[in-house]
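Heads up: the sequence lines are chains G and E, in that order.
Position 592, counted from 1, in the first sequence is what our numbering calls 592; the numbers after and before it change by one each time, with no gaps.
Position in the second sequence (from 1) plus 622 gives the number in our numbering.
Note that beta-carbon positions come from the ideal geometry of N, C-alpha and C, so glycine has one too.
Values in this document were obtained by computation on a predicted structure and should not be read as measured data.
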Amino acid sequence: MGIALASESAGEDMLRFITCGSVDDGKSTLIGRLLFDAKVVPDDHLTALTRDGRHYRAFGDMPDLALLVDGLQAEREQGITIDVGYRFFSTARRRFIVADTPGHEQYTRNMATGASTADLAVILVDATKGVLRQTYRHSAIIALMGIRQVVLAVNKMDLVDFQEGRFDEIVAAYAAMAERLGLTAVTAIPVSALLGDNVIRPSAAMPWYRGPTLLHHLEHVSARPREARPFRLAVQWINSDGAGFRGCAGTVLGGSVQPGDEIVVLPSGVRSHVDRIVTYEGDLARAVAGQAVTLTLAEAIDVARGDLIADANRPPHMTDQFASHLIWMHEAPMLPGRPYLMRLGTTTLTAAVSELKHQLDISTGLRKAAKQLAMNEIGFANLALDRTVPFDTYGENRETGSFVLIDRISNATVGAGMIRFPLRRAANLSWHNFTVDKAARSAIKGHRPAVLWFTGLSGSGKSTIADAVEKRLLALGRHTYTLDGDNVRHGLNRDLGFTDADRVENIRRVIETAHLIADAGLIVLVSFISPFRAERGLARERLEGDQFVEIFVDTPLAECERRDPKGLYRKAREGKLKNFTGIDSAYEPPEAPDIHIRTAEITVEREVDIVIDALRERGVFD
Amino acid sequence: MPVSHPYLQELEAESIHVLREAAAAFRRPVLLYSIGKDSSVLLHLALKAFYPARPPFAVLHVDTGWKFRDMIAFRDRRMKELGFNVHVHMNRDGVAHGIGPVSHGAAVHTDIMKTEALKQALDLHGFDAAIGGARRDEEASRAKERVFSLRSATHRWDPRGQRPELWRLYNGRLNPGESIRVFPLSNWTELDIWTYIERENIAVVPLYFAARRPVVERDGALIMVDDGRLPLFPKEVPQQRWVRFRTLGCYPLTGAIESQADTLPAIIAELASSRTSERQGRMIDHGAGGSMERKKHEGYF
Numbered sequence: 001m002g003i004a005l006a007s008e009s010a011g012e013d014m015l016r017f018i019t020c021g022s023v024d025d026g027k028s029t030l031i032g033r034l035l036f037d038a039k040v041v042p043d044d045h046l047t048a049l050t051r052d053g054r055h056y057r058a059f060g061d062m063p064d065l066a067l068l069v070d071g072l073q074a075e076r077e078q079g080i081t082i083d084v085g086y087r088f089f090s091t092a093r094r095r096f097i098v099a100d101t102p103g104h105e106q107y108t109r110n111m112a113t114g115a116s117t118a119d120l121a122v123i124l125v126d127a128t129k130g131v132l133r134q135t136y137r138h139s140a141i142i143a144l145m146g147i148r149q150v151v152l153a154v155n156k157m158d159l160v161d162f163q164e165g166r167f168d169e170i171v172a173a174y175a176a177m178a179e180r181l182g183l184t185a186v187t188a189i190p191v192s193a194l195l196g197d198n199v200i201r202p203s204a205a206m207p208w209y210r211g212p213t214l215l216h217h218l219e220h221v222s223a224r225p226r227e228a229r230p231f232r233l234a235v236q237w238i239n240s241d242g243a244g245f246r247g248c249a250g251t252v253l254g255g256s257v258q259p260g261d262e263i264v265v266l267p268s269g270v271r272s273h274v275d276r277i278v279t280y281e282g283d284l285a286r287a288v289a290g291q292a293v294t295l296t297l298a299e300a301i302d303v304a305r306g307d308l309i310a311d312a313n314r315p316p317h318m319t320d321q322f323a324s325h326l327i328w329m330h331e332a333p334m335l336p337g338r339p340y341l342m343r344l345g346t347t348t349l350t351a352a353v354s355e356l357k358h359q360l361d362i363s364t365g366l367r368k369a370a371k372q373l374a375m376n377e378i379g380f381a382n383l384a385l386d387r388t389v390p391f392d393t394y395g396e397n398r399e400t401g402s403f404v405l406i407d408r409i410s411n412a413t414v415g416a417g418m419i420r421f422p423l424r425r426a427a428n429l430s431w432h433n434f435t436v437d438k439a440a441r442s443a444i445k446g447h448r449p450a451v452l453w454f455t456g457l458s459g460s461g462k463s464t465i466a467d468a469v470e471k472r473l474l475a476l477g478r479h480t481y482t483l484d485g486d487n488v489r490h491g492l493n494r495d496l497g498f499t500d501a502d503r504v505e506n507i508r509r510v511i512e513t514a515h516l517i518a519d520a521g522l523i524v525l526v527s528f529i530s531p532f533r534a535e536r537g538l539a540r541e542r543l544e545g546d547q548f549v550e551i552f553v554d555t556p557l558a559e560c561e562r563r564d565p566k567g568l569y570r571k572a573r574e575g576k577l578k579n580f581t582g583i584d585s586a587y588e589p590p591e592a593p594d595i596h597i598r599t600a601e602i603t604v605e606r607e608v609d610i611v612i613d614a615l616r617e618r619g620v621f622d
Numbered sequence: 623m624p625v626s627h628p629y630l631q632e633l634e635a636e637s638i639h640v641l642r643e644a645a646a647a648f649r650r651p652v653l654l655y656s657i658g659k660d661s662s663v664l665l666h667l668a669l670k671a672f673y674p675a676r677p678p679f680a681v682l683h684v685d686t687g688w689k690f691r692d693m694i695a696f697r698d699r700r701m702k703e704l705g706f707n708v709h710v711h712m713n714r715d716g717v718a719h720g721i722g723p724v725s726h727g728a729a730v731h732t733d734i735m736k737t738e739a740l741k742q743a744l745d746l747h748g749f750d751a752a753i754g755g756a757r758r759d760e761e762a763s764r765a766k767e768r769v770f771s772l773r774s775a776t777h778r779w780d781p782r783g784q785r786p787e788l789w790r791l792y793n794g795r796l797n798p799g800e801s802i803r804v805f806p807l808s809n810w811t812e813l814d815i816w817t818y819i820e821r822e823n824i825a826v827v828p829l830y831f832a833a834r835r836p837v838v839e840r841d842g843a844l845i846m847v848d849d850g851r852l853p854l855f856p857k858e859v860p861q862q863r864w865v866r867f868r869t870l871g872c873y874p875l876t877g878a879i880e881s882q883a884d885t886l887p888a889i890i891a892e893l894a895s896s897r898t899s900e901r902q903g904r905m906i907d908h909g910a911g912g913s914m915e916r917k918k919h920e921g922y923f
């Protein structure tokens, strides 16, 4: 396409940049101009554009270049950019990825998204309006997101008669602002996106400007500092080919690595050495940041997805708390103390804001006290994690110093964070400023408590199902405990026999124990014959607040007797066992169990599915 | 080792990263294989991402019954060579009702035999992630789509409710019934694809290379007469012309371009001077503006 044919010359590379500006600054027009003048806009797109332009906006005889960029129909109709759009073009020198993001305030989150992968930011200022609050806001987000290279594109120079004085004024005003924000590498360029001046071709109307055009600058700027950072690789996937190969697949997120290097696997802290760097093309002698490789280690040690492999001599921080900037991205506000899932590197854990230090007014730079963060608000907070994890600060490494927060129920991405510094245990105030109650206990476990009450005849398969359900729950990362005849009768209830009175007391104690365990936040599986409706009713009443789920394991008596796993039916029939349920003591089947499992009709696997689905439906977990 | 093109290496690494995330994040991911050049690159990247092990994905082809014969032959040959057991799904209801692009028009055909068929296949196998070769440079609404793109339980895309996607942190968490479309080639352009195919020596369907083929001209598009499935209008006589395809779909819906480019370097040179877009030959894109976006809402890949 156009001049896009890549040359074979060395030094060619890629630049990812973001454009920031308000609705009227001409941001989309500028990108449209770059694409148009770089001749990467196909003719049929231009035709469609003229058609669309007539549909949506009158724009004289020229194609409306902004329409090239504003992809979604809603955006074209409203004449605004509502989301992050990515555009591509290349010149003989470089391949470009442009993130075009909205300018108005409610879309701060999208600008942060676009900035998160950008090497450079182009900040547009309308020459007729000068530096505005939003210019500050855009620059502050850019600084927050760790972008060091900034281009200040002073646009619409045609509307101020291409005056040098106006340009200088704006540049001076911006310089003061940039310094405050710590943006040190700013290049200012006067342009007219509409007419194309200083975008790709030097402007004849501005002979006073001797600097590069925008494209020339983008082609030549060195935006990726290659300082020697310590080696980092987040393990994505354990590669084992079934023939004895075992490697850690992941992308090098910092520094470089060579066979023989000493590394440490975190959080375990076990040290080893790199044996091979495996790729499809063959082993590498060295891998650098950005490369996707598979490492094998010299020593057989335990490594899993989520682990960070790091330079043993320059390891990352390891704590369960850190201070971080947070950008909130969801309608539901961030509430301190509420647990969220945190995605950090390739690991997922539970985290909560233990203290919201302040909210940052991004338009003024002022800090103010806040109890929560609403969408598009930025805060500075201490975060407490449910375990110790390895990380770098965002300044040290953007890849290993960033995280997103995910809502546990909706699974929406609700926030993004940049880690500023680790907090030591001594500074640990984390979980103390909210009440430790059932909700708090269950929240850190990632599910609500529940009592699964399995009732049914002896030999009906209660324990088999309860056992299989518990195994599945464990595999899902849920916290469980099982109460059954074996572990209760032999201890807590060993003073009780099998008279009706003892049976009632037996169940009463089981109910109270289940209640205590549920209060601790666990999912309790109770597997008892519990033959009487009255006592199950008591259980329901007492455990209602604990999500009581009555599960009727329905197996016909004849079948139970045929199975007779413990030989009890035989003994009862022979009269050696008194008060045996189903023989000489009644079993009152539940009239309306929460779950009714007819064991004769389905497999245990299917029974487990039914229980798990019911728990999901009840919101015990998602 | 292939030399130069560091940016291709960067794109490759990024795609491999995404493929590995997809493998780790989902219970039952499937790679959607459309037989085209992007799918060929995607498969190649999958082989690289999990080397020396095999890609841990099922492979699915949604067949409309109207693919070029060369495509089906290529699919069967490549899948055998690469040792993949491909699931081929066709919408049986659509077949029973005789749905086709000629009889029912592009819109109905695409909706029933592609969009609907894809949903059927995903539901049938319980796939919770579908990995596809779509690229952001193909079409304006694609440019806004995430790499991990959420679909509702009814497979709908909500462009205004997309999850923010920052750094390399992809959110693949699902509520019951939801699924994710994964686009590892999001940041590739058509030219990148061809440059990479040349660099990596990746096999593609011969229809991409120019040859003398029988075509008829309809509504300004060159439609290849692949076999008897295309009814000819009275007085319509196929002509032998030098043509090739930039994109491959259902053959009565995919226009050829006149071209002499019969090698990879020739294709790359042709693209570099081309003034039309890749999907220009695709009939489904040319409804009212926003046509593709509408289809994507409804679950089209």
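Where the alpha helix (DSSP H) through residue i begins and ends
{"i": "glycine 379/G", "result": "Counting along the chain, glycine 379/G falls outside any alpha helix (DSSP H), though it belongs to the beta strand (DSSP E) covering 378-391."}
{"i": "alanine 572/G", "result": "568-573"}
{"i": "alanine 518/G", "result": "500-519"}
{"i": "asparagine 239/G", "result": "Taken as a continuous stretch (DSSP letters only), asparagine 239/G belongs to no alpha helix (DSSP H), being part of the beta strand (DSSP E) at 232-240."}
{"i": "methionine 177/G", "result": "164-181"}
{"i": "valine 724/E", "result": "723-731"}
First and last residue of the uninterrupted beta strand (DSSP E) at residue i
{"i": "aspartate 866/E", "result": "The sequence as given places arginine at residue 866/E; aspartate does not occur at that position. 861-866 is the extent of the beta strand (DSSP E) around arginine 866/E."}
{"i": "histidine 711/E", "result": "708-711"}
{"i": "proline 887/E", "result": "Proline 887/E -> not in any beta strand (DSSP E); alpha helix (DSSP H) instead, spanning 886-894."}
{"i": "lysine 702/E", "result": "It is not in any beta strand (DSSP E) - lysine 702/E instead sits in the alpha helix (DSSP H) that spans 691-704."}
Residue i versus residue j - alpha carbon distance
{"i": "lysine 623/G", "j": "threonine 581/G", "result": "Summary: the structure shown does not reach residue 623/G, with chain G confined to residues 1 through 622, and so no result is reported for it."}
{"i": "valine 608/G", "j": "alanine 514/G", "result": "21 Å"}
{"i": "leucine 308/G", "j": "proline 390/G", "result": "7 Å"}
{"i": "arginine 840/E", "j": "isoleucine 694/E", "result": "24 Å"}
{"i": "proline 267/G", "j": "threonine 388/G", "result": "7 Å"}
{"i": "arginine 803/E", "j": "alanine 99/G", "result": "21 Å"}
{"i": "lysine 741/E", "j": "histidine 325/G", "result": "41 Å"}
{"i": "threonine 50/G", "j": "isoleucine 889/E", "result": "Annotation note: pLDDT 49 at threonine 50/G (below 50); position unreliable, coordinate value reported separately. Using only the alpha carbons, I get a separation of about 29 Å."}
Cβ pair residue i, residue j closer than 8 Å
{"i": "aspartate 692/E", "j": "valine 838/E", "result": "no"}
{"i": "glutamine 134/G", "j": "serine 222/G", "result": "no"}
{"i": "glycine 290/G", "j": "valine 235/G", "result": "no"}
{"i": "asparagine 579/G", "j": "asparagine 797/E", "result": "no"}
{"i": "threonine 350/G", "j": "aspartate 386/G", "result": "yes"}
{"i": "phenylalanine 403/G", "j": "aspartate 311/G", "result": "no"}
{"i": "glycine 446/G", "j": "glycine 477/G", "result": "yes"}
{"i": "valine 303/G", "j": "valine 274/G", "result": "no"}
{"i": "leucine 15/G", "j": "phenylalanine 89/G", "result": "no"}
Buried or exposed (CB count within 10 angstroms, at least 16 for buried), residue i
{"i": "threonine 19/G", "result": "buried"}
{"i": "lysine 766/E", "result": "buried"}
{"i": "glutamate 331/G", "result": "exposed"}
{"i": "valine 640/E", "result": "buried"}
{"i": "leucine 746/E", "result": "exposed"}
{"i": "glycine 60/G", "result": "Unreliable positioning characterises glycine 60/G in this predicted model, as indicated by a pLDDT of 39, which lies under 50. The coordinate reading is nonetheless provided below. So glycine 60/G ends up on the exposed side."}
{"i": "proline 190/G", "result": "buried"}
{"i": "glutamine 73/G", "result": "Legend: pLDDT at glutamine 73/G = 49, less than 50; position of this residue unreliable, value from coordinates given subsequently. Answer is buried; the Cβ neighbour count reaches 16."}
{"i": "proline 336/G", "result": "buried"}
{"i": "alanine 127/G", "result": "buried"}
Using a beta-carbon distance cut-off of less than 7 Å, what residues from the region 797-820 of chain E approach chain G? Hits within the stretch, in order: Asn797, Pro798, Asn809, Thr811, Leu813, Thr817.
Please identify, using Cβ separations under 8 Å, the residues of the region 660-689 of chain E that lie next to chain G, in order along the chain. Listed by position along the chain: Leu669, Lys670, Ala671, Phe672, Tyr673, Pro674, Ala675, Arg676.
Scan the region 227-248 of chain G for residues whose Cβ lies nearer than 9 Å to a Cβ of chain E and list them as they occur along the chain. Taking 9 Å as the Cβ-Cβ cut-off against chain E, the residues of the region 227-248 of chain G that qualify are Ala234, Gln236, Trp237, Asn239, Ser240, Asp241, Gly242, Ala243, Phe245, Gly247.
Could you please tell me which residues of the region 403-421 of chain G, in chain order, have their CB closer than 8 Å to any CB of chain E? Residues of the region 403-421 of chain G whose Cβ lies closer than 8 Å to any Cβ of chain E, in chain order: Phe403, Val404, Ile406, Ser410, Asn411, Ala412, Thr413, Ala416.
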